[in-house]
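Remarks on the structure that follows.
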Amino acid sequence: MEGERRAPRARSCGLPAGGAPAPSPGVDAPVPGRSGPPALPRAEVLDLDEDEDDLEVFSKDASLMDMNSFSPMMPTSPLSMINQVKFEDEPDLKDLFITVDEPESHVTTIETFITYRIITKTSRGEFDSSEFEVRRRYQDFLWLKGKLEEAHPTLIIPPLPEKFIVKGMVERFNDDFIETRRKALHKFLNRIADHPTLTFNEDFKVFLTAQAWELSSHKKQGPGLLSRMGQTVRAVAMSMRGVKSRPEEFMEMNNFIEIFSQKINLIDKISQRIYKEEREYSDEMKEYGPIHVLWSASEEDLVDTLKGVASCIDKCCKATEKRMSGLSEALLPVVHEYVLYSEMLMGVMKRRDQIQAELDSKVEALTYKKADTDLLTEEIGKLEDKVECANNALKADWERWKHNMQNDIKSAFTDMAEENIHYYEQCLATWESFLASQTDLHMEETSEDKPESH
Amino acid sequence: MTENNFWLKKIEISVSEAEKRTGRNAMNMQETYTAYLIETRSVDHTDGQSVLTDSLWRRYSEFELLRNYLLVYYPHVVVPPLPEKRAEFVWHKLSADNMDPDFVERRRIGLENFLLRVASHPILCRDKIFYLFLTQEGNWKETVNETGFQLKADSRLKALNATFRVKNPDKRFTELKHYSDELQSVISHLLRVRARVADRLYGVYKVHGNYGRVFSEWSAIEKEMGDGLQSAGHHMDVYASSIDDILEDEEHYADQLKEYLFYAEALRAVCRKHELMQYDLEMAAQDLASKKQQCEELATGTVRTFSLKGMTTKLFGQETPEQREARIKVLEEQINEGEQQLKSKNLEGREFVKNAWADIERFKEQKNHDLKEALISYAVMQISMCKKGIQVWTNAKECFSKM
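For the protein sequence lines, the chains are B and F, in the order given.
By this note's numbering, the letter at position 269 of the first sequence is numbered 285, and the numbering carries on one by one without gaps.
By this note's numbering, the letter at position 351 of the second sequence is numbered 353, and the numbering carries on one by one without gaps.
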């Protein structure tokens with residue numbers, strides 16, 4: 017396995033020709049999700065399999081089933097897409113600022129839940145005012161996500177933090193959990209705001225501005241439950257048929273998503289594991305330093321040296337804590353968001369496939385049926401448009417998403433490297449100053465004329 | 003290097019090799035053991051050239067025999083300890099197996115260190131058995147056993163008894179005993195926690211190695227990011243594998259501490275000897291006093307103390323004056339002997355205390371010097387580890403920023 021890893025990659029302008037463990041085209045590869053890592057030959061590299069249970073995470077993302085094929089506003093002209101991509105890259109032109117803060121607990125007779133304050137500042141004309149403050153709970157965010165997916169089935173909607181984490185949670189609403197969630201919700205809304213299409217979504221606007229009762233009444237509008245269910249059943253039935261004629265670029269995309277999903281999940285696990293190991297290391301270090309102080313009590317001649325070592329160890333321990341907090345702020349949330357994104361992406365691929373499957377089935381029907389050809393032809397026409405829109409939307413959004421992903425990953429890992437460099441630099445300085453003090457002392461001891469200045 | 007009356011020139015000792023052997027043991031059963039090659043070189047002080055004078059193989063049990071002999075014949079000396087028999091304070095990746103090559107290597111160094119300490123000790127280096135250990139391969143065991151040192155050894159039980167019952171030991175030895183207990187306790191604790199810290203550190207480094215593997219696999223599907231990911235992954239591998247050498251070095255530091263952990267036992271042995279001698283002295287003095295009293299009682303006819311003789315006299319009638327005279331004579335002889343013995347025991351005791359204390363002072367200086375050096379070398383190790391870390395992560399950061 018060692019040899020394989022460092023084999024030179026075939027570099028061409030497209031995806032590499034060989035070496036990538038790609039499933040053969042045309043075959044619907046099994047959902048990767050959390051496939052276990054391949055067997056590690058060397059005992060030194062810690063096996064992650066055992067941790068899978070610890071990191072069991074359930075994302076109750078019901079919206080995957082909600083396949084509403086309405087697709088109102090969607091820019092079809094590539095030109096308009098490019099303009100909007102530029103718009104997002106220039107932060108000076110940003111005209112929608114959102115913050116999520118102040119989690120508050122609400123207790124009713126039925127339930128306890130948390131709301132978050134959402135402050136929106138904007139200079140856009142279509143907003144009635146320039147500043148809004150509302151309170152929303154997690155359910156509301158779920159609703160918003162569902163609506164966005166309904167409206168834009170083949171756009172890459174930002175992921176929401178999980179509903180709950182099964183293992184490792186003592187109580188549902190401990191402070192760390194709430195804070196992590198708050199940050200993720202903040203990210204969620206800002207990503208929508210930065211998205212060239214989603215930022216203009218009506219439901220999004222309502223979410224940011226409506227008072228509680230207004231939101232409730234707005235939620236009740238939209239396609240009824242029954243019709244939604246009908247759509248869902250059809251969608252599930254179609255997805256069972258598999259994809260026969262997925263275009264080449266979407267095959268590539270699917271392949272990428274599968275592998276990316278595998279890898280980002282592994283990286284998530286690895287990063288969590290590193291955090292855990294660092295925490296345990298720091299705990300042991302806390303005990304290690306003081307023993308030297310204890311020892312110095314029985315050694316007259318070694319007091320300075322022993323206390324010096326103890327102080328160095330304590331300082332390094334603090335530096336480790338700082339490194340850990342850097343990790344948990346910069347790296348872990350980003351990696352985890354992309355784990356959720358990878359699940360999102362698979363949903364998007366499915367939805368695109370379904371839209372195409374609809375078209376394919378109608379085309380098939382046309383081939384066999386003799387009657388209703390006119391109706392069918394008309395329907396096929398509409399569906400062809402629909403497929404083209406969906407595909408274009410996805411393609412454009414895909415490029416945008418990849419670009420963002422690269423930047424996010426790059427900056428998260430660069431930050432992590434920076435944290436580590438800083439950690440080692442701090443420790444180095446501590447030990448070097450200790451060493452200097454010891455050699456100085458030694459020189460003072462050996463030369464009797466020099467007075468002791470310590 | 004050392005000079006003494008057995009060595010005409012300065013010598014260098016090294017335990018240069020270790021070899022696995024199989025042989026038959028005392029019960030004629032097959033066994034595997036490790037043998038160590040001891041080479042002795044004599045050094046010409048004019049040109050510093052060394053010539054191999056002796057070379058033989060010894061196993062650990064022979065080292066033990068040598069040390070036990072030295073303990074018996076030089077009870078006033080803080081006898082250098084041997085490296086541990088079995089691996090202790092082991093952190094999980096380190097093998098606790100005596101046959102493990104890393105353990106054998108560390109033991110080889112420890113045995114060499116032991117021989118060097120003995121050879122540089124002003125008293126021990128002159129010992130004949132030690133000389134023969136380095137020069138006479140065959141028959142050495144028999145020679146040692148012929149000294150009958152095992153018989154001369156103080157029984158543990160006697161020593162324990164003396165420790166509890168001694169009334170007036172030299173205060174310095176009592177303090178020394180406390181010190182050695184504290185030293186043992188604190189170094190054990192330190193070594194235990196160090197092993198746990200090593201374990202955790204190992205974990206942190208090794209998990210990063212997983213990044214290397216995953217980055218490499220991921221790089222296969224990335225166009226712009228691919229190169230950066232792959233080379234960053236390589237640095238993660240380097241980082242993960244760097245911990246092995248780092249912890250190997252730390253093991254040597256731990257061995258230095260362990261030596262002083264075992265030295266604590268050697269200190270206690272000297273204290274025990276003093277207590278034994280002191281107790282012996284006190285008992286002899288007590289015995290003498292009681293005999294004198296008996297004598298006096300017989301002479302004056304008063305019975306102040308209960309005695310069996312007194313009882314039987316009462317029951318069976320008084321003894322004749324001749325018998326009494328005879329008894330007094332015997333007692334007087336015993337008293338004389340006793341007084342001589344007491345005198346010589348006193349002298350012995352004082353000699354012992356003087357010599358022991360001189361060696362203890364020597365030991366203290368050695369200990370302060372060695373421990374300070376060890377702690378400083380620990381700092382140096384940490385510095386080296388930090389520098390490596392900075393380099394690897396700087397490289398990785400560069401790769402990440404190029405992605």
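Using N, Cα and C, we set each Cβ at its ideal position, and we do this for glycine too.
Since the model is a prediction, treat every value here as computed from it, not as a measurement.
Who are the near neighbours of F:A200 in its chain, counting only those whose CB is closer than 7 Å to its CB and skipping five residues on each side? Here residue 200 of chain F refers to the residue found at position 198 of the second sequence. Same-chain partners within the cutoff: W93, L249, E252.
Using a cut-off of 8 Å between C-beta atoms, extract the partners of F:H123 located in chain B. As a position in the second sequence, residue 123 of chain F is number 121, starting the count at 1. Under the 8 Å cutoff, chain B gives no residues; its nearest Cβ is about 21 Å from F:H123.
When DSSP labels each residue in this structure, what does F:F91 get in the three-state scheme? What you label residue 91 of chain F is simply residue 89 of the second sequence in a count that begins at 1. In this structure, F:F91 counts as coil in the three-state DSSP scheme.
For B:G342, which residues from the same chain have a beta carbon less than 6 Å from its beta carbon, with the 5 sequence-adjacent residues on both sides left out? Within the first sequence, residue 342 of chain B is the residue found at index 326, counting from 1. Here the set comprises E435.
Spatial distance of F:M383 from F:Q280 (CA atoms): Counting from 1 along the second sequence, the entry for residue 383 of chain F is found at position 381. Counting from 1 along the second sequence, the entry for residue 280 of chain F is found at position 278. Rounded to the nearest angstrom, the two C-alpha atoms are 46 Å apart.
Run the CB neighbour count on F:I111, radius 10 Å, all protein chains shown included, and call it buried at 16 or more, exposed below. Position 109 of the second sequence holds residue 111 of chain F. With fewer than 16 Cβ atoms within 10 Å of its Cβ, F:I111 is classed as exposed.
Looking at chain F, which residues of the region 269 to 299 of chain B have a Cβ within less than 7 Å of any of its Cβ atoms? F272, I275, F276, K279, L282, I283, I286, R289, I290, E293, E294, E296, Y297
Could you tell me which residues DSSP puts in a beta bridge with F:L39? Numbered from 1 along the second sequence, position 37 holds the residue referred to as residue 39 of chain F. Answer is F:E19, F:W59, bridged to F:L39.
From the DSSP output, read off the bridge partner residues of B:E149. The residue you call residue 149 of chain B lines up with position 133 of the first sequence. According to DSSP, which records beta bridges pairwise, B:E149 is partnered with B:I135.
Is the separation between the beta-carbon of B:S312 and that of B:K323 shorter than 7 Å? The residue labelled residue 312 of chain B in the question sits at position 296 within the first sequence. The residue labelled residue 323 of chain B in the question sits at position 307 within the first sequence. Contact: yes.
Report yes or no: do the region 281 to 291 of chain B and the region 209 to 223 of chain F share at least 3 C-beta pairs separated by less than 8 Å? yes
Could you confirm whether any beta carbon from chain F is found closer than 7 Å to the beta carbon of B:D117? Taking the first sequence and counting its residues from 1, one reaches residue 117 of chain B at position 101. No, B:D117 lies away from the interface with chain F (no Cβ there is under 7 Å from its Cβ).
Is B:Y354 close to chain F? Criterion is C-beta to C-beta, closer than 7 Å. Within the first sequence, numbered from 1, the residue matching residue 354 of chain B stands at position 338. With 7 Å as the cut-off, B:Y354 does not count as an interface residue toward chain F.
Pull up the distance between the alpha-carbon of F:P77 and that of F:Q342, whole angstroms please. The residue labelled residue 77 of chain F in the question sits at position 75 within the second sequence. The residue labelled residue 342 of chain F in the question sits at position 340 within the second sequence. Distance between the alpha carbons of F:P77 and F:Q342 is about 23 Å.
Neighbour flag for B:Y357 against chain F, beta carbons, 7 Å: Position 341 of the first sequence, counted from the start, is the residue given in the question as residue 357 of chain B. So, not an interface residue.
Would the beta-carbon of F:K347 fall within 7 Å of that of F:A286? Here residue 347 of chain F is taken as the residue at index 345 of the second sequence, counted from 1. Here residue 286 of chain F is taken as the residue at index 284 of the second sequence, counted from 1. The answer is yes: Cβ separation under 7 Å.
Note down, one range per segment and in chain order, each beta strand (DSSP E) of at least 3 residues found wholly within the region 284 to 333 of chain B. Taking only runs of at least 3 residues, no beta strand (DSSP E) segment lies wholly in the region 284 to 333 of chain B.
Once you ignore the five residues that flank F:E148 on each side, which residues in its own chain have a CB closer than 7 Å to its CB? Locating residue 148 of chain F in the second sequence gives position 146, where the first residue counts as 1. Closer than 7 Å at the Cβ level, and outside the excluded window around F:E148, lies no residue.
Alpha carbon to alpha carbon, how far is B:L201 from B:E353? Numbered from its first residue, the first sequence carries residue 201 of chain B at position 185. Numbered from its first residue, the first sequence carries residue 353 of chain B at position 337. Distance between the alpha carbons of B:L201 and B:E353: 11 Å.
I believe F:S233 touches F:C401 by the beta-carbon criterion, under 8 Å. Please report the beta-carbon distance rounded to the nearest angstrom. Mapped onto the second sequence, residue 233 of chain F falls at position 231. Mapped onto the second sequence, residue 401 of chain F falls at position 399. With a Cβ gap of about 4 Å, F:S233 and F:C401 count as contacting.
Would you mind giving the Cβ-Cβ distance between B:K163 and B:D210, rounded to the nearest angstrom? I have them listed as a contact below 8 Å. Taking the first residue of the first sequence as position 1, residue 163 of chain B is located at position 147. Taking the first residue of the first sequence as position 1, residue 210 of chain B is located at position 194. Not really, about 18 Å apart at Cβ, beyond 8 Å.
Contact with chain B by F:M405, beta-carbon distance below 7 Å: Position 403 of the second sequence, counting from 1, holds the residue named residue 405 of chain F. Yes, because at least one Cβ of chain B sits closer than 7 Å to the Cβ of F:M405.
Of all Cβ atoms in chain F, is any one closer than 7 Å to the Cβ of B:F429? For the purposes of this step, residue 429 of chain B is taken as residue 413 along the first sequence, with counting starting at 1. It does; some Cβ of chain F falls within 7 Å.
Contact set for B:E147: own chain, Cβ-Cβ below 6 Å, skip 5 residues either direction: Numbered from its first residue, the first sequence carries residue 147 of chain B at position 131. The residues are K137.
Give me the subset of the region 259 to 281 of chain F whose CB atoms are less than 9 Å from a CB atom of chain B, sorted by chain position. none
What would DSSP say about B:P174, mapped onto helix, strand or coil? Position 158 of the first sequence, counted from the first residue, corresponds to residue 174 of chain B. Residue state, collapsed to three classes: coil.
Any C-beta of chain F sitting closer than 7 Å to the C-beta of B:W414? Here residue 414 of chain B refers to the residue found at position 398 when the first sequence is read from its first residue. It does not; no Cβ of chain F falls within 7 Å.
Cβ of F:V490 within 7 Å of Cβ of F:V272? Missing from the structure shown is residue 490 of chain F; chain F here goes from 3 to 405 and no further.
Quick one: list the residues of chain C neighbouring F:E184, beta-carbon separation under 7 Å, in chain order. Note that chain C does not occur in the displayed structure, where the protein chains are B and F.
Given F:D129 as reference, the closest of F:H180, F:K154, F:D172, F:R69 once Cα atoms are compared: The sequence position of residue 129 of chain F within the second sequence is 127, counting from 1. Distance check between F:D129 and each of F:H180, F:K154, F:D172, F:R69 places F:R69 closest, using alpha-carbon atoms only.
Is B:W311 close to chain F? Criterion is C-beta to C-beta, closer than 7 Å. Taking the first residue of the first sequence as position 1, residue 311 of chain B is located at position 295. Yes, B:W311 lies at the interface with chain F (some Cβ there is under 7 Å from its Cβ).
Could you name the residues of chain B that F:M29 contacts, counting a contact when the two beta carbons are closer than 7 Å? Here residue 29 of chain F is taken as the residue at index 27 of the second sequence, counted from 1. By Cβ distance, chain B contributes nothing, its closest Cβ being about 37 Å from F:M29, past 7 Å.
Given this structure, state the Cα-to-Cα distance separating F:R167 from F:L178, to the nearest angstrom. Position 165 of the second sequence, counted from the start, is the residue given in the question as residue 167 of chain F. Position 176 of the second sequence, counted from the start, is the residue given in the question as residue 178 of chain F. The alpha-carbon atoms of F:R167 and F:L178 are separated by roughly 18 Å.
Find the nearest neighbour of B:E337 within the set B:Q372, B:K366, B:D299, B:G305, judged by alpha-carbon distance. Stepping through the first sequence from its first residue, residue 337 of chain B is reached at position 321. Nearest C-alpha to B:E337: B:D299.
Nearest candidate by alpha-carbon position, reference F:E21, set F:S52, F:P103, F:Y71: For this step, residue 21 of chain F is matched to residue 19 along the second sequence. Comparing Cα-Cα distances from F:E21 to each of F:S52, F:P103, F:Y71, the minimum goes to F:P103.
When you compare the region 388 to 408 of chain B with the region 360 to 371 of chain F, are there three or more beta-carbon pairs, one atom per stretch, that lie closer than 8 Å? no
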